[in-house]
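For the sequence shown, full-length UniProt numbering begins at 1 and goes up steadily by one.
Note that CB positions come from ideal geometry on N, CA and C, so glycine has one too.
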Amino acid sequence: MRPIIAAFAAAIAMPLPAAAQDASTQAIAEDPFASRTADALAVLKDEKDADGVFTVEFLAQIPASQLHELAARLESEFGALQDVKSVDPRSAMAAVFEMRFEKAIGQGNIMIDPEQDDRISLIEFTDFRAIESDKSTIADDLSELGGETGLLVARLEDNGDITPLLDVNGEQQLAIGSTFKLYVLSAVARAVAEGRHRWDEVVSLSQSTFAGSQLNAFPKNAPMTVQTLASFMISVSDNRATDQLIALVGREAVEVEVLAASHADPELILPFLTTAELFALKAGSDEKLSHYAAADDSDQRVALDALDLSGVANGDVNAIFANGPRALEVEWFASGYDIARIFQQLDGFDDPTVDAVLGINPAMGPADRAQWRTVAYKGGSEPGVLNFSWLLSDAEGRRFVVSIGRNDPTTTFGDTDLMLLAQRAIRVARDQ
Numbered sequence: 001m002r003p004i005i006a007a008f009a010a011a012i013a014m015p016l017p018a019a020a021q022d023a024s025t026q027a028i029a030e031d032p033f034a035s036r037t038a039d040a041l042a043v044l045k046d047e048k049d050a051d052g053v054f055t056v057e058f059l060a061q062i063p064a065s066q067l068h069e070l071a072a073r074l075e076s077e078f079g080a081l082q083d084v085k086s087v088d089p090r091s092a093m094a095a096v097f098e099m100r101f102e103k104a105i106g107q108g109n110i111m112i113d114p115e116q117d118d119r120i121s122l123i124e125f126t127d128f129r130a131i132e133s134d135k136s137t138i139a140d141d142l143s144e145l146g147g148e149t150g151l152l153v154a155r156l157e158d159n160g161d162i163t164p165l166l167d168v169n170g171e172q173q174l175a176i177g178s179t180f181k182l183y184v185l186s187a188v189a190r191a192v193a194e195g196r197h198r199w200d201e202v203v204s205l206s207q208s209t210f211a212g213s214q215l216n217a218f219p220k221n222a223p224m225t226v227q228t229l230a231s232f233m234i235s236v237s238d239n240r241a242t243d244q245l246i247a248l249v250g251r252e253a254v255e256v257e258v259l260a261a262s263h264a265d266p267e268l269i270l271p272f273l274t275t276a277e278l279f280a281l282k283a284g285s286d287e288k289l290s291h292y293a294a295a296d297d298s299d300q301r302v303a304l305d306a307l308d309l310s311g312v313a314n315g316d317v318n319a320i321f322a323n324g325p326r327a328l329e330v331e332w333f334a335s336g337y338d339i340a341r342i343f344q345q346l347d348g349f350d351d352p353t354v355d356a357v358l359g360i361n362p363a364m365g366p367a368d369r370a371q372w373r374t375v376a377y378k379g380g381s382e383p384g385v386l387n388f389s390w391l392l393s394d395a396e397g398r399r400f401v402v403s404i405g406r407n408d409p410t411t412t413f414g415d416t417d418l419m420l421l422a423q424r425a426i427r428v429a430r431d432q
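#1: Report all residues from its chain with a CB closer than 7 Å to the CB of A363; omit the five preceding and five following residues, and keep chain order.
#2: Counting Cβ pairs, one atom from each stretch, are 3 or more of them under 8 Å apart for the stretch 268-282 and the stretch 300-316?
#3: Quick one: grab the DSSP three-state call for Q107.
#4: Classify D88 as helix, strand or coil using the three-state DSSP reduction.
#5: Can you give the beta carbon distance from E257 to R198, rounded, assuming they're within the 8 Å contact cut?
#6: Applying the criterion that 16 or more other CB atoms from any shown protein chain within 10 Å of the CB defines a buried residue, is residue 440 buried or exposed?
#7: Who does R430 pair with in a DSSP beta bridge?
#8: Taking the alpha carbon of V184 as the point to measure from, which residue in E255, D161, D368, P219 has its own alpha carbon closest?
#9: Rounded to whole angstroms, what is the Cα-Cα separation between L281 and E69?
#10: Is the separation between the beta-carbon of V226 and that of V203 shorter than 8 Å?
#11: Any beta carbon from chain E within less than 8 Å of L281's own beta carbon?
#12: Among T416, D140, P383, whose alpha-carbon lies nearest the alpha-carbon of E75?
#13: Would you say R90 touches the ligand ATP, meaning its beta carbon is less than 7 Å from a heavy atom?
#14: When we look at the beta-carbon of Q173 and count the other beta-carbons within 10 Å, is it buried (16 or more) or exposed?
#15: Verify whether the separation of the beta carbon atoms of R406 and L386 is less than 8 Å.
#16: Does the count of Cβ pairs from the stretch 80-88 and the stretch 97-105 closer than 8 Å reach three?
#17: Measure the C-alpha to C-alpha separation of Q432 and A154 and round it to an integer number of angstroms.
#18: Are S345 and S186 touching if we call contact CB-CB under 8 Å?
#19: On the CB-based measure, 16 or more other CB atoms within 10 Å of its CB, does A72 come out buried or exposed?
#20: Looking at the strands, I want to know which residues DSSP matches up with E120.
#21: With DSSP collapsed to three states, give me the class of N169.
#22: Report the partner residues of P223 according to the DSSP bridge assignment.
#23: Assign F33 to one of three DSSP states: helix, strand, or coil.
#24: Terminal residues of the continuous beta strand (DSSP E) containing T374?
#25: Would you kindly work out how many angstroms separate the C-alpha atoms of T410 and E331, rounded to a whole number?
#26: Go ahead and pull the three-state DSSP assignment for I131.
#27: What's the C-alpha gap between T137 and R129?
#28: If distances are taken between C-alpha atoms only, which option among K48, D51, S231 comes closest to K181?
#29: Would you mind giving the Cβ-Cβ distance between V188 and L245, rounded to the nearest angstrom? I have them listed as a contact below 8 Å.
#30: Assuming S121 and I112 make a contact with CB atoms under 8 Å, what is their CB distance in whole Å?
#31: Using the Cβ count rule (16 or more neighbours within 10 Å means buried), how would you classify D265?
#32: Could you pull out every residue in the same chain whose Cβ sits closer than 6 Å to the Cβ of I426, ignoring the five residues on either side in sequence?
#33: Three-state secondary structure (DSSP) at G405?
#34: When you compare only the Cα positions, how much space is there between I105 and P223?
#35: Excluding the five sequence neighbours on either side, which residues of its own chain have a C-beta within less than 6 Å of the C-beta of N323, listed in chain order?
#36: For G397, which option in A40, L156, S65, A92 has the closest C-alpha, if you only look at C-alpha atoms?
Dropping the structure here:
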């Protein structure tokens with residue numbers, strides 16, 4: 001799962017918004033960065049000619065027509081461009097800016113060329129954060145996304161209670177994609193705590209899964225430590241690392257974690273699938289897939305034992321989902337409260353390696369990350385499925401879980417809308 005920032009940073013090496021200057025903009029207005037940022041905004045809104053604002057080299061790569069197209073795309077995601085919120089010079093040629101949209105604040109970088117009348121030589125967005133809103137607005141906006149949705153913002157109490165701060169279908173069982181890997185991490189953490197395995201234990205990379213895993217580039221039986229595998233599994237959601245860890249501790253050990261964390265409906269997630277098994281099932285015929293989905297636990301285990309995984313390394317995940325979402329009933333399921341409980345279980349190991357692994361990829365921008373003492377994150381997706389989940393602790397040591405998900409078997413959707421709602425939900429926790 002790729003956070004919204006990465007998605008937009010890759011797609012938007014472009015100018016920024018700033019419609020009409022407000023008082024804060026005017027206060028900083030006489031330096032070249034502030035004036036050029038405002039100029040760029042005017043170009044994006046088609047109120048100013050790009051030739052006098054950007055360098056020749058910039059426009060050779062990104063002409064004005066493309067800037068307008070990118071502006072339209074941004075506005076479709078974040079609402080209308082409004083103004084320049086701030087410009088912070090970092091050197092004689094570079095600055096960091098914040099631009100206000102109707103629904104979000106966009107942060108980015110701008111560079112100017114003094115030899116070309118301070119024209120813009122680079123401008124890009126690196127971060128977007130949602131503008132705050134009240135709980136009822138978040139709930140309304142979530143319901144408008146379509147499909148099945150769920151959101152839980154909760155405080156984890158020291159006595160084990162979960163105190164909801166915002167609950168919108170928080171008990172709804174939803175397919176969660178790779179967020180299931182929290183259960184795998186819990187099984188590994190318990191194996192380490194009980195002395196059955198070590199974080200620095202070297203494991204031969206023997207498992208294979210479908211294309212898309214970064215570790216598929218590694219040769220069979222390549223040596224890797226358990227901690228490295230766990231880091232790949234959580235931070236970049238690597239499927240080969242995940243299946244290797246499941247093979248290491250055993251499917252049954254992961255299922256123990258599901259039950260130990262008091263999953264509300266374990267029949268939905270058991271037997272616990274590996275990623276290779278999930279994709280192999282979905283790559284099969286509609287008849288076999290439907291038969292598996294309708295089977296009871298015992299028959300599903302028999303089917304998994306008989307599943308042919310010999311060709312998974314050459315399997316094409318894109319082909320499986322070429323026609324959109326496929327059999328969402330064959331997935332890993334959990335509610336917001338289930339995810340809160342597995343985070344609670346992971347936190348209970350009091351293991352700095354677990355904390356470090358969960359904190360590698362916070363899935364939030366630097367400004368939001370700085371507001372929390374610790375951030376643990378895991379998300380998951382496949383066509384028709386999206387989940388973002390965090391365990392956060394503040395300066396006072398209070399712990400919060402934010403988990404948001406969406407399922408829609410009828411369509412493939414992007415992550416932007418749900419991520420913006422997630423960012424707003426995180427602010428509900430922050431403001432407690």
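With the given structure in hand:
#1: By 1-based counting over the sequence shown, the position of residue 363 is 363. Closer than 7 Å at Cβ, skipping near neighbours: P3, Y377, G379, F388.
#2: yes
#3: By one-based count along the sequence shown, residue 107 stands at place 107. The DSSP-derived three-state label of Q107 is strand.
#4: One-based indexing of the sequence shown puts residue 88 at position 88. Here D88 sits in strand by DSSP.
#5: Position 257 of the sequence shown holds residue 257. Position 198 of the sequence shown holds residue 198. Cβ atoms of E257 and R198 stay farther apart than 8 Å, at about 19 Å.
#6: A question about residue 440 goes unanswered here, because the residues of the chain that appear run from 1 up to 432.
#7: If you number the sequence shown from 1, residue 430 lands on position 430. According to DSSP, residue pairing for R430 in a beta bridge does not occur.
#8: Within the sequence shown, residue 184 is the residue found at index 184, counting from 1. Ranked by Cα distance from V184, the options E255, D161, D368, P219 are led by E255.
#9: By one-based count along the sequence shown, residue 281 stands at place 281. By one-based count along the sequence shown, residue 69 stands at place 69. L281 and E69: Cα-Cα distance of roughly 40 Å.
#10: For this step, residue 226 is matched to residue 226 along the sequence shown. For this step, residue 203 is matched to residue 203 along the sequence shown. Cβ distance < 8 Å, so V226 and V203 count as in contact.
#11: Judged by its chain identifiers, the structure shown contains no chain E, having just a single protein chain.
#12: Taking the first residue of the sequence shown as 1, we reach residue 75 at position 75. The candidate whose alpha carbon is nearest that of E75 is T416.
#13: Only the bare structure without any ligand can be found here, which leaves the ligand ATP out of the picture.
#14: By 1-based counting over the sequence shown, the position of residue 173 is 173. Classification for Q173: buried.
#15: Numbered from its first residue, the sequence shown carries residue 406 at position 406. Numbered from its first residue, the sequence shown carries residue 386 at position 386. Yes, they are a contact pair.
#16: yes
#17: On the sequence shown, residue 432 is found 432 positions in, with the first residue counted as 1. On the sequence shown, residue 154 is found 154 positions in, with the first residue counted as 1. Q432 and A154: Cα-Cα distance of roughly 10 Å.
#18: As a working note, residue 345 is residue 345 in the sequence shown. As a working note, residue 186 is residue 186 in the sequence shown. Sequence check: residue 345 is Gln here, not Ser. A contact, by the Cβ cut-off of 8 Å.
#19: Numbered from its first residue, the sequence shown carries residue 72 at position 72. Its Cβ having fewer than 16 others within 10 Å, A72 is exposed.
#20: Sequence index remark: in the sequence shown, residue 120 carries index 120 (1-based). Glu is not the amino acid found at residue 120; the sequence shown has Ile there. DSSP output for I120 lists F54, I112 as bridge partner(s).
#21: In the sequence shown, counting from the first residue as 1, residue 169 sits at position 169. If DSSP states are grouped into helix, strand and coil, N169 belongs with coil.
#22: Position 223 of the sequence shown holds residue 223. DSSP lists S204 as partners of P223.
#23: Along the sequence shown, one-based indexing puts residue 33 at 33. In this structure, F33 counts as helix in the three-state DSSP scheme.
#24: Taking the sequence shown and counting its residues from 1, one reaches residue 374 at position 374. Here the beta strand (DSSP E) through T374 covers 374-382.
#25: Along the sequence shown, read from residue 1 onward, the residue named residue 410 stands at position 410. Along the sequence shown, read from residue 1 onward, the residue named residue 331 stands at position 331. So the alpha carbons of these two residues sit roughly 16 Å apart.
#26: By 1-based counting over the sequence shown, the position of residue 131 is 131. Taken through DSSP and simplified to helix, strand or coil, I131 comes out as coil.
#27: Here residue 137 refers to the residue found at position 137 of the sequence shown. Here residue 129 refers to the residue found at position 129 of the sequence shown. If you take the alpha carbons of T137 and R129, they lie about 16 Å apart.
#28: Counted from its first residue, the sequence shown places residue 181 at position 181. When only C-alpha atoms are compared, the closest one is S231.
#29: Translated into the one-based positions of the sequence shown, residue 188 becomes position 188. Translated into the one-based positions of the sequence shown, residue 245 becomes position 245. Sure, about 6 Å apart at Cβ, within 8 Å.
#30: Here residue 121 refers to the residue found at position 121 of the sequence shown. Here residue 112 refers to the residue found at position 112 of the sequence shown. Their Cβ separation, rounded to whole angstroms, is 6 Å, which keeps S121 and I112 in contact under 8 Å.
#31: Position 265 of the sequence shown, counted from the first residue, corresponds to residue 265. Exposed, because fewer than 16 other Cβ atoms sit within 10 Å of the Cβ of D265.
#32: In the sequence shown, residue 426 corresponds to position 426, counting from 1. Excluding residues within five positions, the ones whose Cβ falls inside 6 Å are V402.
#33: For the purposes of this step, residue 405 is taken as residue 405 along the sequence shown, with counting starting at 1. Here G405 sits in strand by DSSP.
#34: The residue given as residue 105 occupies position 105 in the sequence shown. The residue given as residue 223 occupies position 223 in the sequence shown. Rounded to the nearest angstrom, the gap between the Cα atoms of I105 and P223 is 44 Å.
#35: The residue given as residue 323 occupies position 323 in the sequence shown. Excluding residues within five positions, none has a Cβ falling inside 6 Å.
#36: Looking up residue 397 in the sequence shown gives position 397. The shortest C-alpha separation from G397 is found at L156.
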